[in-house]
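K.L.:
Below, the structure written as structure tokens:
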């Protein structure tokens, strides 16, 4: 399906009809995946390819520190963090390590394991499908598959801000893959969804790719100077092995087949990043980096609390570190939201959750 929020302009043709390039990329990528996974040989890996893939992964096992050049460095996947988390990460503050729900640990492990299999499958597709494999993993100059650590690159930027301040910082990126398609390079990012088939499809139909994921690929487009690519979403819930449309024991909201076909468990979205989007991201990161250089601690805003659930290191520290005036302002906003149409919605729940964990002595 077409992403309803795609910002790139599309021309409409009637006589003769010509498919828009982005639609073509999405359709042909899904067709390639379907052709491969419906092939009985897809579960049988070729020894030489499997060995080269895992040898490459072993070669990159280990921690690789950033160069000690004094620059704030943003990971592409971390460009959606709130201003305060970025500030804390670059201070001499000991990160907290919180216990989490066990299922979340299993969910993270599941996503990590599946992308490894997807990458291995992409390597096999040209062999199994021949010319039907239109998307192929590129190789680096050293002959490695262009995935993650083998493709990782760090780039330094200098942004002149409105008041003339010149802010230097770095972005590092290691995409899930760089693909070749019709003589052009495409960035590839893969995301798992554990919310279920219906929820995943409904959300993607309504909103398109996640804003944080788009910010990630925008950062990658800057680092690799590749402005287009594919975001692939896969639901970890799969359709019933056989049709459940006529099964009375399965409620309507739980059925995974519709009109004789299984619901989509993978969705591909083509993206094309504009110069304006890159410019906006660079200035956003420059603002965050400047806070670090000038030791200016950002003030918590209600919007920031929407990211707290994914802050693994500074959640409690943040709540205990806020001045009384900031906490009171957040409480006033929460009271207003509770009396408005926002009551009980996502943003309101996140703000309530944040305030519920603020210690009594905070700000004193």
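Residue numbers (full-length UniProt numbering): 1 to 364.
Glycine included, each C-beta is placed from N, C-alpha and C at the ideal position.
(1) Excluding sequence positions up to five away, which residues of its chain have a Cβ less than 7 Å from the Cβ of residue 313?
(2) Are the Cβ atoms of residue 56 and residue 144 separated by less than 8 Å?
(3) Could you pull the start and end residues of the alpha helix (DSSP H) that residue 66 belongs to?
(4) Expressed to the nearest angstrom, what Euclidean distance is found between the alpha-carbon atoms of residue 304 and residue 173?
(5) Taking only the alpha-carbon atoms, compute the straight-line gap between residue 276 and residue 155 and give it to the nearest angstrom.
(6) May I have the straight-line CA-CA distance separating residue 223 from residue 253, to the nearest angstrom?
(7) Would residue 228 be called buried (16 or more neighbouring beta carbons within 10 Å of its own) or exposed?
(8) What residue from 207, 357, 216 has the CA that sits closest to residue 282's CA?
(9) Compute the distance between the beta-carbons of residue 150 and residue 60, then report whether it is under 8 Å.
(10) Whole angstroms are fine: how far does the CA of residue 168 sit from the CA of residue 125?
(11) Compare the beta carbon distance of residue 292 and residue 118 with 8 Å and say whether it is the shorter of the two.
(12) Expressed to the nearest angstrom, what Euclidean distance is found between the alpha-carbon atoms of residue 40 and residue 33?
(13) To the nearest angstrom, report how far apart residue 321 and residue 354 are at their CA atoms.
(14) For the beta strand (DSSP E) containing residue 167, list its first residue and its last residue.
P.N.:
Taking the structure as given:
(1) Residue 313 sits at position 313 when you count from the first residue of the chain shown. Contacts found: 95, 96.
(2) For this step, residue 56 is matched to residue 56 along the chain shown. For this step, residue 144 is matched to residue 144 along the chain shown. Yes.
(3) As a first step, residue 66 is located in the chain shown; it is residue number 66 there, counting from the start. Unbroken run through residue 66: none, as it is neither H nor E.
(4) In the chain shown, the residue the question calls residue 304 occupies position 304. In the chain shown, the residue the question calls residue 173 occupies position 173. Answer to the nearest angstrom: the Cα atoms are 24 Å apart.
(5) Working through the chain shown from its first residue, we reach residue 276 at position 276. Working through the chain shown from its first residue, we reach residue 155 at position 155. When rounded, the distance between both Cα atoms is 19 Å.
(6) Working through the chain shown from its first residue, we reach residue 223 at position 223. Working through the chain shown from its first residue, we reach residue 253 at position 253. Each residue's Cα considered, the two are about 43 Å apart.
(7) Position 228 of the chain shown, counted from the first residue, corresponds to residue 228. Buried.
(8) The residue you call residue 282 lines up with position 282 of the chain shown. Per the Cα distances, 216.
(9) Indexing the chain shown from 1 puts residue 150 at position 150. Indexing the chain shown from 1 puts residue 60 at position 60. In contact: residue 150 and residue 60 (Cβ atoms closer than 8 Å).
(10) Start at 1 with the first residue of the chain shown, and residue 125 comes out as number 125. Start at 1 with the first residue of the chain shown, and residue 168 comes out as number 168. One C-alpha to the other measures close to 42 Å.
(11) As a working mapping, residue 292 is identified with position 292 in the chain shown. As a working mapping, residue 118 is identified with position 118 in the chain shown. No; because the gap between Cβ atoms is not below 8 Å, this pair is not in contact.
(12) For the purposes of this step, residue 40 is taken as residue 40 along the chain shown, with counting starting at 1. For the purposes of this step, residue 33 is taken as residue 33 along the chain shown, with counting starting at 1. Taking the straight line from one Cα to the other gives about 13 Å.
(13) Here residue 321 is taken as the residue at index 321 of the chain shown, counted from 1. Here residue 354 is taken as the residue at index 354 of the chain shown, counted from 1. Taking the straight line joining both Cα atoms gives about 13 Å.
(14) Locating residue 167 in the chain shown gives position 167, where the first residue counts as 1. Per DSSP, the unbroken beta strand (DSSP E) holding residue 167 starts and ends at 166-173.
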